[in-house]
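Worksheet for the structure shown next.
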Amino acid sequence: MGLRSSREIPLGGVGFKLSTEVKTGDWRAMRPVIDQNKCTKCLLCWLYCPEPAIIWDGVKVEVDYNYCKGCGICAHECPVKAISMIPEVGGE
Amino acid sequence: MWTASNIVAVAAAYGGKYAQSFPAFGPERSGAPVLSFTRISDEPIEAHSMIYEPDILVILDYTLLSPKIIEGLKPGGVIVTNYPGDVNFVFESLGIKRGDYRVLLVPASKLALEILKIKATNTAMIGGLLRLGYVVKFEDVKKAVMERFSGQVAERNIILIERAMNETIEV
Amino acid sequence: MSTQPTSKTRAQYKLWIFEPGKREPLPLIFNLRQLAEQRTSIMLPGHRMCAGCTAPLVVKLASFAFRGPTIVVSPTGCLEVSTSIYPWTSWAVPWIHSAFENAAATASGIYAAINALKKTGRLKYDHVDVVVFAGDGGTYDIGFQALSGMAERGDDVLYILYDNEAYMNTGIQRSGGTPKFAWTTTTPVGSVMPGKIQHKKPIAEIMVAHKIPYVATGTPAHWLDFIKKVRKGLEVNGPAFIHALASCDRGWRVEEALSVEVLRRAVDTCYFPLWEWSPETGYLLTDRSLAIARNPSLKQPIEKYLEIQGRFRHLLRPENRELVKQLQEYVDAVWEDLLRRASNAPR
Amino acid sequence: MSIAEVVPRYPKEKQKMMMLNGDEAVAYAVKQSYVDVVAAYPITPQTIIVEKFSEFVANGEVHTEFIHVESEHSAMSACIGAAAAGARAFTSTCSQGLALMAEMLYIASGLRLPVVMAVTNRALSAPINIHSDHSDAYLMRDSGWIMLFVENVQEAYDTTIQAFKIAEHSEVQLPVSVHLDGFFLSHTMENLYILPDEAVYEFLGGPRKLVKVKVEYFDEELDYALNPARPLSMGMLAFYDYYFEIKIQQVEAMKRAEKVIREVNEEWYKLTGRKYGDGLVDAYAISDAEIAIVVMGSSAGTVRSVAKKLREKGVKVGVLRIRSIRPFPHKTVAELLKDVKLVAVLDRAASPGSFGALYLDIISSLYNQKERPIVVDYIYGLGGRDLSPQLVYKLVEDLEEGLKRGFAPEEEVVRYLGVRE
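Residue numbers (my numbering), protein chains in the order written: chain D, 1 to 92; chain C, 1001 to 1171; chain H, 2001 to 2347; chain U, 3001 to 3421.
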């Protein structure tokens, strides 16, 4: 994506894009993986995710790996230990 | 001090003139000797400097009378001063002779105490200026005083100015 | 686009859009499923806060308490720089940053503008809230004058301090909010200095002394308590101040996954008691701190808080036992004092 | 004034003659300018502005919200917040107060917020001094504000109203400061003509109007303001990939401001019958002058009144008053001064280690001319030292003498006027 000229950007340096375009998932060293069998859908992981990168679609809880930075708060806070942190490298 | 200067300027404006009034650009403390200036003209006034060679010098406090105070006064200029009742005191203090300048004496302190019950000689001195006839008109001064003060204070000041005008003597 | 996603889709990252007009305040939701289905954070993902930072949690949880149209102000700081790297913004609400020491003054200006525009019929909302999210540097130190001025004037602004207890944005330098004995890059642990030698400024107490309508403490770990307090802060007529402790993995030397846990321990040890204050009620303990007051056996020793933080690691060495004792005594004294003042503490 | 005089829509008879000092005149102008928010902190000699305006607020004569901030830094911060929220905002300060708000000056212009500020020019400490010079103004010279210097009380009133129009112009969107010399204007009472309220309202086109911006995440253009219906983020962090472009936008806006200042000056003339040169400079008897004196602010009148008297005696002296120091009208200045033999620039502030700031702009205006005059710099009036007519007469005498004997290249070009050396 090319950078814009001074004529092509809005006034006063206002942000003209949303950070949802920025995929911070590539920061991740550890990947949270949810064991859907253990998950009780209490949504504490959703609550405590700072990105936010936990999605509740009404049926199940999922991680949005586009943004998840792999901090592991979800895994620690999960009361039933349904989330495990797997190293990214070789973890797939 | 600045009050007198402002009232004269406002009165001049009511009389259709251009006028300018400003304090000396020095620290002001209540009661300390201060200077203020008034320019009156038929033309718009451009200068924004202090006045160094006045046509008229108005002295509110006769204890300030000294030869130094009239430095810069134009030859043939006018001195309008408050005085303690003693005519010679004025000439001696200023170090001038009769005839050097036009000198108008206003019993401002006496009248202010009598009418306002305070020693504020500001407005009384305007009476002295009115006596000159050509600076501002009494009607315009009255209007300016009414604008500056209200009620009894305005009324008393107008009485004071009128008395001062009538009791000013030229020596 | 609207504030309340109706479909149960992945489109959970939304702008908050309020068209002009009158409306009821958004209801508070305490059921997590309903919350997850009906609310989104005002902070969008893709922000560049560190992994495990809890400042975004402060913002996210606070936004679950928002009533409707809201303008957000941030002073310079971690939260500000990481959410506004040009051209990408992470803010789903109108947001402004202008400088470091002036968030409260900027908010006052916005509040005044809202009043003037409403008065003259040019702003067609019945209410617009103004909320500040500021760090400890911008609150305790450089921004304190503006904050105090805003409080004195009584401007209707909710000021939320996310306190990570040092200048983290510039690389962990000590601030007026850094606790005693904490290591920072400007209070290194040396042979004669055991980290910072002063206690942190009692900022929330100072705001109480301003006699504003509402002051409270909170942490994102105690989310229900925090959301309720944010709503109260918005509802009062006049300035409100909420002091939220917000852990910083980098600065506190805490494992990322323990970011929320450490806040829980701060409260469990009474290092950071949860309370609220208003001129009508005085001090009231809340949530876990109220439970501890009722059942003192729940109170944990200060080591429980210190032991998971690298910034206090030196205190756990045997020769520094005396320092830990000092810290415990200080925490106890502050806690006892709070118990005396809190009208709902058991006598 | 030109022969084909325009009949103003509001001739003098339809205006109200008042006797006000400069501060009161500014307060009156702000009152009539439909200002939404005033945030200010008191400092001599600005105080009369905020006191007078507080009276308007106390008496319900304005809808304005007055924020009694705890510092000048907060004053400008609050103006920035208010302007960002879509309000018309005003503040006033000078000297130490301006220095304290310096950080926020750059942010107001960088965020392209049309805040208006009256600066009652006052010297900077130390030593502390309450009187006028331009050292505070020069402190904000490069802050991206449009800076207009006025000569008298009437112009202080006129320019304050014009400032809102210039600042909010869709092609400008920059803050404007109106500079009136402390005491020499702030505390000097003069005759002036005040427009009826509705004339000012009409001139400004009513309340502030917002400009539009385009962001990728909305299809339509949005109001440039903090608006819950169309969220925008203001005050972003821009690195070396975009900071330059954003700053250049600002520089370009400042260039466009030159034209807008001229237009507003003309429009004001049609409305009131008053105008100030071309809006940027105000020249007196320059066309055939051998000696030109360049000056800003209240001293301009003093210099011009002396020049007029000297003209009567046949001395070919002219006066060029700079009204807009930012944007600086380099081309106009070059055009006016290129045929003069000797230019004396009066700088009411020093730049220790260099020339006066005004001098530098005059020199840069002239440098690329084939023929150019000798230009000398005079530092005068620091800390409120009066520029008396006598001093101006003496100055012109010296200049004439210098012209006769010729200036040696090695001669000192920075001189002092009215100091005991």
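Note that beta-carbon positions come from the ideal geometry of N, C-alpha and C, so glycine has one too.
Going straight from the alpha carbon of residue 2033 of chain H to that of residue 2039 of chain H, what length do you get?
Locating residue 2033 of chain H in the third sequence gives position 33, where the first residue counts as 1. Locating residue 2039 of chain H in the third sequence gives position 39, where the first residue counts as 1. Each residue's alpha carbon lies about 10 Å from the other.
Pull up the CB-CB distance for residue 22 of chain D and residue 2088 of chain H, whole angstroms please, since I reckon it's below 8 Å.
Translated into positions along the first sequence, residue 22 of chain D becomes position 22. Translated into positions along the third sequence, residue 2088 of chain H becomes position 88. Between residue 2088 of chain H and residue 22 of chain D the Cβ distance is about 5 Å, and since that is below 8 Å, they are a contact.
Give, in chain order, every residue of the segment 3168 to 3187 of chain U whose Cβ lies closer than 8 Å to some Cβ of chain C.
Those residues of the segment 3168 to 3187 of chain U that come within reach of chain C (Cβ to Cβ, closer than 8 Å) are 3181, 3183, 3184, 3185, 3187.
Mind checking the segment 49 to 62 of chain D against chain H and listing, in chain order, the residues whose C-beta falls within less than 7 Å of any C-beta there?
The segment 49 to 62 of chain D vs chain H, Cβ under 7 Å: 50, 51, 52, 53, 55, 56, 57, 58.
Just how far apart, CA to CA, sit residue 3198 of chain U and residue 3015 of chain U?
Your numbering for residue 3198 of chain U matches position 198 in the fourth sequence. Your numbering for residue 3015 of chain U matches position 15 in the fourth sequence. Each residue's Cα considered, the two are about 11 Å apart.
Which residue or residues does DSSP assign as beta-bridge partners of residue 2183 of chain H?
Numbered from 1 along the third sequence, position 183 holds the residue referred to as residue 2183 of chain H. DSSP lists no partner for residue 2183 of chain H.
Name the two residues that bound the continuous beta strand (DSSP E) containing residue 1020 of chain C.
Walking along the second sequence from the start, residue 1020 of chain C turns up at place 20. Note, residue 1020 of chain C: beta strand (DSSP E), 1018 to 1023.
By Cβ distance, which residues of its chain are closer than 8 Å to residue 3073 of chain U, with the 5 residues on each side in sequence left out?
Working through the fourth sequence from its first residue, we reach residue 3073 of chain U at position 73. Within the same chain, residue 3073 of chain U has close Cβ partners 3100, 3101, 3103, 3104.
Mind pulling the chain U residues with CB within less than 7 Å of residue 2069 of chain H?
In the third sequence, counting from the first residue as 1, residue 2069 of chain H sits at position 69. Those within 7 Å of residue 2069 of chain H in chain U are 3228.
Look up residue 3149 of chain U in the DSSP assignment and give the residues it is bridged to.
By one-based count along the fourth sequence, residue 3149 of chain U stands at place 149. In the DSSP output, where bridge partners are listed per residue, residue 3149 of chain U has U:3179.
Counting along the chain, where does the alpha helix (DSSP H) carrying residue 2060 of chain H start and finish?
Mapped onto the third sequence, residue 2060 of chain H falls at position 60. Run containing residue 2060 of chain H: 2055 to 2063, per the alpha helix (DSSP H) assignment.
Nearest to residue 26 of chain D by alpha carbon, out of D:65, D:35, D:32?
Counting from one through the first sequence, the residue named residue 26 of chain D turns up at place 26. Closest by alpha carbon: D:65.
Looking at the structure shown, is residue 1976 of chain H part of a helix, part of a strand, or coil, going by DSSP?
It is not possible to answer for residue 1976 of chain H, since the shown part of chain H is limited to 2001 through 2347.
Can you check the segment 3349 to 3389 of chain U for any alpha helix (DSSP H) of at least 4 residues that lies completely inside it and give the ranges in chain order?
Counting only runs of 4 or more, we get 3357 to 3366.
So, with DSSP's three-state summary, where would you put residue 3089 of chain U?
Working through the fourth sequence from its first residue, we reach residue 3089 of chain U at position 89. The answer is strand: DSSP assigns residue 3089 of chain U an E or B state.
Could you name the residues of the segment 2153 to 2177 of chain H whose beta carbon sits closer than 9 Å to any beta carbon of chain U, in the order they occur along the chain?
Here the close residues are 2153, 2155.
Helix, strand or coil for residue 1067 of chain C per DSSP?
To locate residue 1067 of chain C, count along the second sequence from 1; it is residue 67. The answer is helix: DSSP assigns residue 1067 of chain C an H, G or I state.
Whole angstroms are fine: how far does the CA of residue 2287 of chain H sit from the CA of residue 2265 of chain H?
As a first step, residue 2265 of chain H must be located in the third sequence, where it is residue number 265. As a first step, residue 2287 of chain H must be located in the third sequence, where it is residue number 287. Distance between the alpha carbons of residue 2265 of chain H and residue 2287 of chain H is about 14 Å.
Can the beta-carbon of residue 1011 of chain C be found less than 8 Å from the beta-carbon of residue 1100 of chain C?
Here residue 1011 of chain C corresponds to residue number 11 of the second sequence, with the count starting at 1. Here residue 1100 of chain C corresponds to residue number 100 of the second sequence, with the count starting at 1. Taking 8 Å as the Cβ cut-off, residue 1011 of chain C and residue 1100 of chain C do not qualify as a contacting pair.
Ignore the nearest five residues each way along the sequence and tell me which others in residue 1014 of chain C's own chain have a CB closer than 7 Å to its CB.
Along the second sequence, one-based indexing puts residue 1014 of chain C at 14. If we look at residue 1014 of chain C and ignore the five residues flanking it on each side, its Cβ neighbours are 1140, 1143, 1144.
What does the alpha-carbon distance come out to for the pair residue 1160 of chain C and residue 3187 of chain U?
Mapped onto the second sequence, residue 1160 of chain C falls at position 160. Mapped onto the fourth sequence, residue 3187 of chain U falls at position 187. One C-alpha to the other measures close to 27 Å.
Classify residue 2343 of chain H: buried if its beta carbon has 16 or more other beta carbons within 10 angstroms, exposed otherwise.
Stepping through the third sequence from its first residue, residue 2343 of chain H is reached at position 343. By the neighbour-count rule (16 or more Cβ atoms within 10 Å), residue 2343 of chain H is not buried but exposed.
Which bits of chain U does residue 5 of chain D rub up against, with CB to CB less than 8 Å?
Here residue 5 of chain D refers to the residue found at position 5 of the first sequence. Chain U residues near residue 5 of chain D: 3245.
Where do the ends of the beta strand (DSSP E) carrying residue 2217 of chain H lie?
In the third sequence, residue 2217 of chain H corresponds to position 217, counting from 1. Segment 2214 to 2218, the beta strand (DSSP E) holding residue 2217 of chain H.
What does a CB cutoff of less than 6 Å around residue 2152 of chain H pick up in its chain, not counting 5 residues either side in sequence?
By 1-based counting over the third sequence, the position of residue 2152 of chain H is 152. If we look at residue 2152 of chain H and ignore the five residues flanking it on each side, it has no Cβ neighbours.
Need the endpoints of the alpha helix (DSSP H) that residue 3190 of chain U sits in, please.
Against the fourth sequence, residue 3190 of chain U aligns to sequence position 190. Segment 3189 to 3194 is the beta strand (DSSP E) holding residue 3190 of chain U; no alpha helix (DSSP H) there.
My guess is that residue 2110 of chain H and residue 2071 of chain H are in contact by the Cβ rule of under 8 Å, so how many angstroms apart are they, rounded?
The residue labelled residue 2110 of chain H in the question sits at position 110 within the third sequence. The residue labelled residue 2071 of chain H in the question sits at position 71 within the third sequence. So it is a contact: roughly 6 Å between Cβ atoms.
Have a look at residue 3129 of chain U and residue 3043 of chain U and give me their C-alpha separation to the nearest angstrom.
Here the question's residue 3129 of chain U lines up with position 129 in the fourth sequence. Here the question's residue 3043 of chain U lines up with position 43 in the fourth sequence. If you take the alpha carbons of residue 3129 of chain U and residue 3043 of chain U, they lie about 12 Å apart.
Helix, strand or coil for residue 3159 of chain U? Go by DSSP, reduced to three states.
Here residue 3159 of chain U corresponds to residue number 159 of the fourth sequence, with the count starting at 1. Three-state DSSP puts residue 3159 of chain U in a helix.
Between residue 17 of chain D and chain U, is any beta-carbon pair separated by less than 8 Å?
For the purposes of this step, residue 17 of chain D is identified with residue 17 of the first sequence, where counting begins at 1. Chain U contact via Cβ: present.
Mind pulling the chain H residues with CB within less than 9 Å of residue 3207 of chain U?
Numbered from its first residue, the fourth sequence carries residue 3207 of chain U at position 207. Here the neighbours are 2117, 2120, 2122.
Got a sec: is the Cβ-Cβ distance from residue 3216 of chain U to anything in chain D below 8 Å?
Translated into positions along the fourth sequence, residue 3216 of chain U becomes position 216. Closer than 8 Å to some Cβ of chain D, the Cβ of residue 3216 of chain U qualifies, so yes.
Specify whether the segment 2052 to 2061 of chain H and the segment 2237 to 2254 of chain H touch according to this definition: at least 3 beta carbon pairs, one from each stretch, less than 8 Å apart.
Touching, yes, given that three or more Cβ pairs across the two stretches are closer than 8 Å.
Using a 10 Å radius around the Cβ and a threshold of 16 neighbouring Cβ atoms, would you call residue 3355 of chain U buried or exposed?
Locating residue 3355 of chain U in the fourth sequence gives position 355, where the first residue counts as 1. Buried.
Restricting to runs no shorter than 3 residues, where is the beta strand (DSSP E) found entirely within the segment 3249 to 3325 of chain U?
If we require 3 residues or more, the beta strand (DSSP E) runs fully inside the segment 3249 to 3325 of chain U come out as 3281 to 3284, 3291 to 3295, 3317 to 3322.
Any heavy atom of the ligand SAM closer than 7 Å to the Cβ of residue 2022 of chain H?
Because no ligand of any kind appears in the structure shown, any question about the ligand SAM cannot be addressed here.
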